[in-house]
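Visitor: Got a structure for you, written out below as structure tokens; questions coming shortly.
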Amino acid sequence: MFKFCVVMFVSAAAVWAQHTSGMDEAVRAHAVDDKFMGAVLVARGDVILFDRAYGWANLEWRVPNTTETKFRVGSITKQFTAAAVMRLAEQGKLSLDDSLAKYVTAAPAAWRPITLRQLLNHTSGVASFTSLPDIAVLRRSPLELEKSIARLCALPSQSQPGEKYRYSNTGYLLLGHVIERVSGQGYAAFLREQLLQPLGLNDTDHDSDSAIVPLRAGGHTRVDGQLQHAAYINMEVAQAAGALYSTTHDLLRWTRALFGGRVLSPAALTMMTTPGLGHYGMGVVVRDVNGRQLIEHAGSIEGFNAHLAYYPQSEITVVVLANVNGNSPTELAAALGELAHAEATGGTSTKP
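Going left to right, the sequence shown walks through residues 43 to 394 as the numbering used here numbers them.
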């Protein structure tokens with residue numbers, strides 16, 4: 043019996059070593075010539091299966107990325123914003139079916155039928171501020187809500203409220219304003235008090251251009267095959283739509299807390315993760331991949347790309363954070379998810 047157990051243990055270890063090697067190979071294939079730089083984590087439940095960093099946090103000083111490096115996560119921020127709005131709803135301080143005009147007095151007549159629920163699931167029809175023709179200039183200074191609304195109203199509506207899925211960063215900026223109006227706190231302060239600090243997410247916060255943030259990576263982009271510093275963006279522009287930074291480990295903690303019932307009630311979590319138009323729930327994309335439910339969101343902001351994926355049936359979490367623009371995080375998240383499931387079943391990945 044003892045010999046049998048030893049053989050089984052050695053066999054399992056060998057299989058897992060093979061899958062770990064496969065994960066590293068998958069990432070390194072993207073990291074050739076620094077095309078991918080960042081950190082990667084794969085976990086099943088609370089058990090971390092793969093945890094590595096690649097490339098440089100600072101190219102000029104040749105400071106390498108580590109598993110503790112902080113990266114801007116772009117639109118993964120929307121998960122936190124959605125959870126914050128839903129928590130306020132659970133506290134009876136707002137209703138998801140409230141009109142936007144109840145909280146944004148400058149809302150034009152065309153926006154008055156829009157509900158908070160429609161902002162959360164991207165069916166409001168409000169145009170995204172990132173589609174403004176002078177966004178390259180606007181991103182350098184904080185957006186003033188009233189002026190931004192006036193500008194956005196001049197853009198053609200994407201659709202009637204509730205009619206179609208149309209991804210809109212503006213919708214989440216407006217939700218950030220709602221959080222501030224209802225709570226009486228700034229967006230960042232509310233997130234810290236209600237979510238980040240209680241959950242021990244000590245390496246996650248609203249990014250700031252002036253603050254000294256230890257272990258924060260610099261963002262990069264590639265022009266004519268050469269890496270350059272990413273264009274400047276004032277993080278107040280992104281705010282509730284994409285201004286957070288985090289680490290792979292903190293995003294695992296967040297995922298475990300969110301899906302472990304420590305953030306929202308079961309009913310609220312079900313509402314958040316029920317897909318509507320465009321497979322979008324509230325702050326998350328929900329779809330089936332190879333017969334498995336996948337709850338995910340990508341993030342992109344100047345110099346950074348990110349992907350957070352969670353498979354509820356297997357409790358597998360994949361986090362890929364990059365400090366160079368490109369599609370690698372989304373492609374890697376899919377490949378690593380397949381490899382993790384192959385490990386769980388003792389089989390082989392369906393990906394080549």
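C-beta atoms are modelled at their ideal positions from N, C-alpha and C, and glycine is treated no differently.
How do the region 100-118 and the region 359-369 stand: do at least 3 beta-carbon pairs fall below 8 Å, yes or no?
Guide: The region 100-118 is in contact with the region 359-369.
Visitor: Taking 9 Å as the cut-off, decide whether the C-beta atoms of Tyr374 and Tyr352 are in contact.
Guide: Numbered from 1 along the sequence shown, position 332 holds the residue referred to as residue 374. Numbered from 1 along the sequence shown, position 310 holds the residue referred to as residue 352. This sequence places Leu at residue 374; Tyr is not what is there. Not in contact: Leu374 and Tyr352 (Cβ atoms no closer than 9 Å).
Visitor: If Gly303 and Met314 are in contact, beta carbons under 8 Å, what's the gap, nearest whole angstrom?
Guide: What you label residue 303 is simply residue 261 of the sequence shown in a count that begins at 1. What you label residue 314 is simply residue 272 of the sequence shown in a count that begins at 1. Going by Cβ atoms, the distance from Gly303 to Met314 rounds to 12 Å, so no, they are not a contact pair.
Visitor: Ile358 bridges to which residues according to DSSP?
Guide: Translated into positions along the sequence shown, residue 358 becomes position 316. DSSP lists Arg86 and Tyr353 as partners of Ile358.
Visitor: Skipping 5 residues on each side, what residues in its chain have a beta carbon closer than 7 Å to that of Gln281?
Guide: On the sequence shown, residue 281 is found 239 positions in, with the first residue counted as 1. Closer than 7 Å at the Cβ level, and outside the excluded window around Gln281, lie Leu215, Gly218 and Tyr229.
Visitor: With H, G and I counted as helix, E and B as strand and the rest as coil, what does DSSP make of Glu338?
Guide: What you label residue 338 is simply residue 296 of the sequence shown in a count that begins at 1. Note: Glu338 maps to strand in three-state DSSP.
Visitor: Checking 9 Å against the spacing of the C-beta atoms, do Thr119 and Ser170 come in under that value?
Guide: Your numbering for residue 119 matches position 77 in the sequence shown. Your numbering for residue 170 matches position 128 in the sequence shown. No, the Cβ-Cβ distance between Thr119 and Ser170 is not below 9 Å.
Visitor: To the nearest angstrom, report how far apart Ala148 and Asp140 are at their CA atoms.
Guide: Your numbering for residue 148 matches position 106 in the sequence shown. Your numbering for residue 140 matches position 98 in the sequence shown. About 16 Å.
Visitor: Whole angstroms are fine: how far does the CA of Gly261 sit from the CA of Ser288?
Guide: Within the sequence shown, numbered from 1, the residue matching residue 288 stands at position 246. Within the sequence shown, numbered from 1, the residue matching residue 261 stands at position 219. Taking the straight line joining both Cα atoms gives about 14 Å.
Visitor: Taking 6 Å as the limit between beta carbons, can you name the residues of its chain near Val398, skipping five residues before and five after?
Guide: Nothing about residue 398 can be reported from this structure: the residues present for the chain run from 43 to 394 only.
Visitor: Going by the CB atoms, is the gap between Met128 and Leu243 shorter than 9 Å?
Guide: Taking the sequence shown and counting its residues from 1, the one referred to as residue 243 is at position 201. Taking the sequence shown and counting its residues from 1, the one referred to as residue 128 is at position 86. Their beta carbons are not under 9 Å apart, which means Leu243 does not touch Met128 by this criterion.
Visitor: Please work out which residues of its chain come closer than 8 Å, Cβ to Cβ, to Phe46, disregarding the five sequence neighbours upstream and downstream, and give them in chain order.
Guide: Translated into the one-based positions of the sequence shown, residue 46 becomes position 4. Bear in mind that a pLDDT of 42 at Phe46, under 50, signals an unreliable position, so the model cannot answer this.
Visitor: Going by beta-carbon coordinates alone, are Ala99 and Arg258 separated by less than 9 Å?
Guide: Start at 1 with the first residue of the sequence shown, and residue 99 comes out as number 57. Start at 1 with the first residue of the sequence shown, and residue 258 comes out as number 216. Taking 9 Å as the Cβ cut-off, Ala99 and Arg258 qualify as a contacting pair.
Visitor: Buried or exposed: where does Gln133 fall if 16 or more other Cβ atoms within 10 Å of its Cβ makes it buried?
Guide: As a first step, residue 133 is located in the sequence shown; it is residue number 91 there, counting from the start. Exposed, because fewer than 16 other Cβ atoms sit within 10 Å of the Cβ of Gln133.
Visitor: Please report the distance separating the alpha-carbon of Thr62 from that of Ala68.
Guide: The residue labelled residue 62 in the question sits at position 20 within the sequence shown. The residue labelled residue 68 in the question sits at position 26 within the sequence shown. Those two C-alpha atoms are separated by around 10 Å.
Visitor: Buried or exposed, going by whether 16 or more other CB atoms sit within 10 Å of the CB of Ser415?
Guide: What is shown of the chain runs 43 to 394, which leaves residue 415 out entirely.
Visitor: Just list the alpha helix (DSSP H) runs in the region 159-196, keeping only unbroken ones of 4 residues or longer that don't cross its boundaries, in chain order.
Guide: If we require 4 residues or more, the alpha helix (DSSP H) runs fully inside the region 159-196 come out as 177-180 and 187-195.
Visitor: In chain order, what residues of the same chain lie with their CB nearer than 8 Å to the CB of Phe51, ignoring the 5 residues before and after it?
Guide: In the sequence shown, the residue the question calls residue 51 occupies position 9. Below a pLDDT of 50, predicted positions are generally treated as unreliable, and Phe51, at 38, falls in that range; the measurement from the model is reported next regardless. The answer is none, since no qualifying residue turns up.
Visitor: What residues in its chain sit with their C-beta under 6 Å from that of Glu338, if we drop five residues either side in the sequence?
Guide: Mapped onto the sequence shown, residue 338 falls at position 296. Taken in chain order, the residues that qualify are Val327 and Ala351.
Visitor: Just checking my contact of Ala143 with Arg159 at CB under 8 Å: how many whole Å lie between their CB atoms?
Guide: Taking the sequence shown and counting its residues from 1, one reaches residue 143 at position 101. Taking the sequence shown and counting its residues from 1, one reaches residue 159 at position 117. Contact flag wrong, Cβ pair sits at about 14 Å.
Visitor: What are the boundary residues of the alpha helix (DSSP H) that Ser141 is part of?
Guide: Translated into positions along the sequence shown, residue 141 becomes position 99. Careful: Ser141 lies outside any alpha helix (DSSP H) and carries neither H nor E.
Visitor: Using a Cβ-Cβ cut-off of 6 Å (strictly less than) and excluding sequence neighbours within five positions of Ala382, which residues of its own chain qualify?
Guide: In the sequence shown, the residue the question calls residue 382 occupies position 340. If we look at Ala382 and ignore the five residues flanking it on each side, its Cβ neighbours are Val84 and Ile358.
Visitor: Mapping DSSP to helix, strand and coil, what is Pro106?
Guide: Taking the first residue of the sequence shown as position 1, residue 106 is located at position 64. Strand.
Visitor: Going by beta-carbon coordinates alone, are Leu286 and Phe122 separated by less than 9 Å?
Guide: For the purposes of this step, residue 286 is taken as the residue at position 244 of the sequence shown. For the purposes of this step, residue 122 is taken as the residue at position 80 of the sequence shown. For Leu286 and Phe122, yes; Cβs fall inside 9 Å.
Visitor: In this structure, how does DSSP classify Gln268 when only helix, strand and coil are distinguished?
Guide: Mapped onto the sequence shown, residue 268 falls at position 226. Three-state result, Gln268: strand.
Visitor: In the region 206-283, which residue ranges form an unbroken beta strand (DSSP E) of at least 3 residues, counting only runs that do not cross its ends?
Guide: Entirely contained in the region 206-283, the beta strand (DSSP E) runs reaching 3 residues are, in chain order, 262-265 and 268-271.
Visitor: Leu197 and Ala126: beta carbons closer than 9 Å?
Guide: Indexing the sequence shown from 1 puts residue 197 at position 155. Indexing the sequence shown from 1 puts residue 126 at position 84. No, Cβ-Cβ distance for Leu197 and Ala126 is not below 9 Å.
Visitor: Over what stretch of residues does the alpha helix (DSSP H) that includes Val115 continue unbroken?
Guide: As a position in the sequence shown, residue 115 is number 73, starting the count at 1. Taken as a continuous stretch (DSSP letters only), Val115 belongs to no alpha helix (DSSP H), as it is neither H nor E.
Visitor: By Cβ distance below 7 Å, which residues in the same chain neighbour Ala124 in space, the five residues on each side in sequence not counted?
Guide: Start at 1 with the first residue of the sequence shown, and residue 124 comes out as number 82. So the qualifying residues of the chain are Leu162, Met314, Met324 and Gly325.
Visitor: Hey, how far is the Cα of Leu174 from the Cα of Asp88?
Guide: Here residue 174 is taken as the residue at index 132 of the sequence shown, counted from 1. Here residue 88 is taken as the residue at index 46 of the sequence shown, counted from 1. In a straight line, the C-alpha of Leu174 is about 42 Å away from that of Asp88.
Visitor: Just how far apart, CA to CA, sit Asp247 and Lys77?
Guide: Residue 247 sits at position 205 when you count from the first residue of the sequence shown. Residue 77 sits at position 35 when you count from the first residue of the sequence shown. Cα to Cα, Asp247 sits roughly 27 Å from Lys77.
Visitor: Could you give the DSSP three-state label for Leu101: helix, strand or coil?
Guide: Stepping through the sequence shown from its first residue, residue 101 is reached at position 59. Coil, per DSSP.
Visitor: From which residue to which residue does the alpha helix (DSSP H) around Asp292 run?
Guide: The sequence position of residue 292 within the sequence shown is 250, counting from 1. From DSSP, the alpha helix (DSSP H) with Asp292 extends over Thr290 to Phe301.
Visitor: Under the DSSP definition of a beta bridge, which residues are partnered with Val328?
Guide: Translated into positions along the sequence shown, residue 328 becomes position 286. Val328 is bridged to Ile337.
Visitor: Please state the DSSP three-state secondary structure of Ala422.
Guide: No statement about residue 422 is possible, as the shown extent of the chain runs from 43 to 394 and does not include it.
Visitor: What is the residue span of the alpha helix (DSSP H) that Thr312 lies within?
Guide: Counting from 1 along the sequence shown, the entry for residue 312 is found at position 270. Its alpha helix (DSSP H) spans residues Pro308 to Met314.
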